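Residues 631 to 705 in the numbering used here are what the sequence shown lists, from first letter to last.
Notes follow the structure.
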Amino acid sequence: MGPCLAAGAYLPALSDVILMVEGTSFMGFGDPDLAKKITGEILDTEELGGARAHTEVSAVAHYVTESDEAFLGSA
Numbered sequence: 631m632g633p634c635l636a637a638g639a640y641l642p643a644l645s646d647v648i649l650m651v652e653g654t655s656f657m658g659f660g661d662p663d664l665a666k667k668i669t670g671e672i673l674d675t676e677e678l679g680g681a682r683a684h685t686e687v688s689a690v691a692h693y694v695t696e697s698d699e700a701f702l703g704s705a
């Protein structure tokens, strides 16, 4: 629920459950500008480390929803 960048991206690995919100959550060691400088590839935050990237591709996160309120209401 929100961005988690650089060294802070290690913290979710210590969690039992990782919740991510579509459009606002980001987890990664660098941002799209850094990826472009290193690889030349143009990505946005969703493609690089957004909720869908981590629930459908990397499987680092467990749940994704549209808003913080949706998670908090289901707790």
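C-beta atoms are modelled at their ideal positions from N, C-alpha and C, and glycine is treated no differently.
As the structure is a prediction and not an experimental result, all values here were calculated from the model.
Problem - Validate contact between the stretch 659 to 672 and the stretch 683 to 701 using beta carbons, cut 8 Å, 3 pairs - result: Counting Cβ pairs under 8 Å, fewer than three are found: no touch.
Problem - Burial state of T685, where buried means 16 or more other Cβ atoms lie within 10 Å - result: Along the sequence shown, read from residue 1 onward, the residue named residue 685 stands at position 55. Counting of Cβ neighbours within 10 angstroms places T685 among the buried residues, the total reaching 16 or more.
Exercise for the section: Just the C-alpha distance for E652 and E676, rounded to the nearest angstrom, thanks. Expected result: Indexing the sequence shown from 1 puts residue 652 at position 22. Indexing the sequence shown from 1 puts residue 676 at position 46. For E652 and E676, the distance between alpha carbons rounds to 8 Å.
Handout entry: Within the stretch 640 to 689, ranges of the beta strand (DSSP E) (whole runs, at least 3 residues)
Key = 649 to 651 and 656 to 658, all fully within the stretch 640 to 689.
Problem - Cβ shell of G632 (< 7 Å), same chain only, five flanking positions each side left out - result: On the sequence shown, residue 632 is found 2 positions in, with the first residue counted as 1. Counting only Cβ-Cβ distances below 7 Å, and skipping sequence neighbours, we find T654 and S655.
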